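Engineer: Below is a structure I'd like to ask you about.
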Amino acid sequence: MHLRLSRRSALLGAAGLAIARRQVAVAQEPRSLPLAWPGRHPGDGFWIRNAFASENTWYNPGWWHCGEDWYALGDVETGGAEVLSVGQGRVVYVGSDYPGRVVIVEQEDGLYAMYGHMDPDSIVPEGTPVRAGDMLGTVYHRTDGRAPSHLHFEMRTFLFSDRVNGEHPEHGVRCGLNCPPGPGYWPMSAEHPAELGWRNPVLAMAAATFTGRCYVTESAPSAMMPFLDQPGGESLGEQALRAGDLVEIGEVSGLDAAATETSAEHYQVWGRTSIGGQSGWLRIVQPADGDTGSDGRPASVEILLAPERFML
Ligand SMILES: [Zn+2]
């Protein structure tokens, strides 16, 4: 692996990673990321292959994705991965043949979190109260050949919305009349999914997910990560961080979950931390071109930091 070592990052690498001493208050109830491998931090070992409001050219060209498709990294089978509730609430729906089941949690923050393609034999029953990090089940092993096993994950403001999945569904793909899961996609020629109540899942959760102790994931592009004076600002020098390194995030930026941006380019989430006594910003997630829309813009997202695992 070719590494460009700046003098500053080499010094920091030798000194190790200093953690900010100041305890930062978490402003909101904690949130988890929706997938985990046993014994690892939520989100570590996964990526979003098809992001919110991006076009999946091989599966549903011409439609915006209303959620995120989470996959295991590399050639690892995603079926069997643990699906975690991202927030606190109650399971209000279990059903459908998506394929696999759909679970919907009504969260105390007023949002509905929807988890699609779950193993029918693994799921918690309807009515179950859940907290962030509680296991809802596992990802269904798909054998239909239409798509590899993955988790389809949505955050939205509604369980039923008249035009989406209620009495008058305008695009009844895969679901239709009074069908809680909903279509999962919305035509690119119509409104942006955010105008109908869908939210960008990672951006909706990011402040409460990533504030506090986080670990550098397997997805970090190399040992070197950019360290900026402000989100998208000037470089303070790259940091020698490795998978498993701990960072304390005091503040998260890039949080407009209702923005009507498209493609994965709008996954610009940064976290403020202190390294070697210097305050700066690290990337938490970043757009990736594993998949692209038909306009060539990225449809995928890499998760560079993972929150400390929720323990009951
Ligand atoms: Zn999907």
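Under our numbering, think of the first position of the sequence shown as 2, with each following residue one higher.
The C-beta atom is built at its ideal place from N, Cα and C for all residues, glycine as well.
In this text, all values refer to a predicted model and were calculated from it rather than measured experimentally.
For His169, which residues of its own chain have a beta-carbon under 6 Å away from its beta-carbon, when the five flanking residues on both sides are left out?
Structural biologist: For His169, where only same-chain residues beyond five positions count, the Cβ hits under 6 Å are Asp163.
Engineer: Have a look at Val128 and Pro100 and give me their C-alpha separation to the nearest angstrom.
Structural biologist: Here residue 128 is Gly; the residue named in the question, Val, does not match the sequence. Between Gly128 and Pro100, the C-alpha separation is close to 22 Å.
Engineer: Let me know the secondary structure DSSP gives Asp70 once reduced to three states.
Structural biologist: Of the three classes helix, strand and coil, the one that applies to Asp70 here is strand, per DSSP.
Engineer: Does the separation of the CB atoms of Glu155 and Trp199 fall below 9 Å?
Structural biologist: Yes, the pair counts as a contact, with Cβ atoms nearer than the cut-off.
Engineer: According to DSSP, simplified to helix, strand and coil, what is Ser236?
Structural biologist: Strand, per DSSP.
Engineer: Who are the Cβ neighbours of Arg91 in its own chain at under 8 Å, not counting the five residues just before and after it?
Structural biologist: Taken in chain order, the residues that qualify are Val106, Glu107, Gly128, Thr129, Pro130 and Val131.
Engineer: Is the Cβ-Cβ distance between Ala54 and Trp71 less than 9 Å?
Structural biologist: Contact: no.
Engineer: Would you say the beta carbon of Gly185 comes nearer than 8 Å to a heavy atom of ligand 1?
Structural biologist: Yes; taking the cut-off as 8 Å, the Cβ of Gly185 has a heavy atom of ligand 1 nearer than that.
Engineer: Would you say the beta carbon of Leu142 is closer than 8 Å to some non-hydrogen atom of ligand 1?
Structural biologist: Checking the sequence shown, residue 142 turns out to be His, not Leu. Answer for His142: no, Cβ out of range of ligand 1.
Engineer: Output yes or no for whether 9 Å exceeds the beta carbon distance between Gly138 and Ser123.
Structural biologist: In this structure, Ser123 lies closer than 9 Å to Gly138 by Cβ.
Engineer: For Glu219 versus Ala191, is the C-beta spacing smaller than 9 Å?
Structural biologist: Not a contact, by the Cβ cut-off of 9 Å.
Engineer: Looking at C-beta atoms only, is the number of pairs between the region 237 to 249 and the region 110 to 122 that lie closer than 8 Å three or more?
Structural biologist: Output reads no: the region 110 to 122 does not touch the region 237 to 249.
Engineer: If you measure from the CB of His169, is any heavy atom of ligand 1 nearer than 8 Å?
Structural biologist: No; taking the cut-off as 8 Å, the Cβ of His169 has no heavy atom of ligand 1 nearer than that.
Engineer: For the candidate residues Arg32, Leu306, Tyr268 and Leu34, whose alpha-carbon lies nearest to that of Ala289?
Structural biologist: Of Arg32, Leu306, Tyr268 and Leu34, the residue nearest in Cα terms is Tyr268.
Engineer: For Ile105, list the residues DSSP reports as bridge partners.
Structural biologist: Beta-bridge pairing links Ile105 to Tyr94 and Met115.
Engineer: Can you say whether Val77 is buried or exposed, counting buried as having 16 or more other CB atoms within 10 angstroms of its CB?
Structural biologist: Burial call: exposed.
Engineer: CA-CA distance, Gln279 and Arg41?
Structural biologist: Answer to the nearest angstrom: the Cα atoms are 29 Å apart.
Engineer: CB-CB under 7 Å to Ala16, same chain, minus the five flanking residues each way: which ones, in chain order?
Structural biologist: A caution first: Ala16 carries a pLDDT of 34, below 50, which makes its placement in the model too unreliable to give a value.
Engineer: Grab the span of the alpha helix (DSSP H) containing Leu160 for me, first residue to last.
Structural biologist: No alpha helix (DSSP H) holds Leu160; DSSP gives it neither H nor E.
Engineer: With a CB to CB cut of under 6 Å and the five nearest residues on each side skipped, what residues in its chain are close to Arg143?
Structural biologist: The residues are Ser150.
Engineer: Under a three-way DSSP split, which group does Gly167 fall into?
Structural biologist: Looking at Gly167 - three-state DSSP - the assignment turns out to be coil, as it is neither helix nor strand.
Engineer: Are the beta-carbon atoms of Pro31 and Ala114 separated by less than 9 Å?
Structural biologist: Against a cut-off of 9 Å, the Cβ pair of Ala114 and Pro31 comes out as no contact.
Engineer: Take Val103 and list the residues in its own chain whose beta-carbon comes closer than 6 Å to its own, dropping the five residues that flank it on each side.
Structural biologist: Answer for Val103: Ser97, Gly117 and Pro182, listed in chain order.
Engineer: What is the rounded straight-line gap between the Cα of Val165 and the Cα of Tyr186?
Structural biologist: Rounded to whole angstroms, Val165 to Tyr186 spans 10 Å at the Cα level.
Engineer: Taking 8 Å as the cut-off, does the CB of Asp70 come closer than this to any heavy atom belonging to ligand 1?
Structural biologist: Yes - ligand 1 has a heavy atom lying nearer than 8 Å to the Cβ of Asp70.
Engineer: Can you pull the DSSP bridge partners for Trp65?
Structural biologist: BP columns for Trp65 point to Glu56 and Trp187.
Engineer: On the DSSP letters alone, give me the boundaries of the beta strand (DSSP E) that Leu256 sits inside.
Structural biologist: Run containing Leu256: none; DSSP gives neither H nor E here.
Engineer: What separation, rounded to the nearest whole angstrom, lies between the Cα atoms of Leu85 and Asp257?
Structural biologist: Each residue's Cα considered, the two are about 23 Å apart.
Engineer: So, is Gly88 buried or exposed, given that buried needs 16 or more other C-beta atoms within 10 angstroms?
Structural biologist: So Gly88 ends up on the buried side.
Engineer: On the three-state DSSP scale, how would you describe Arg212?
Structural biologist: What sits at residue 212 in the sequence shown is Thr, not Arg. Residue state, collapsed to three classes: coil.
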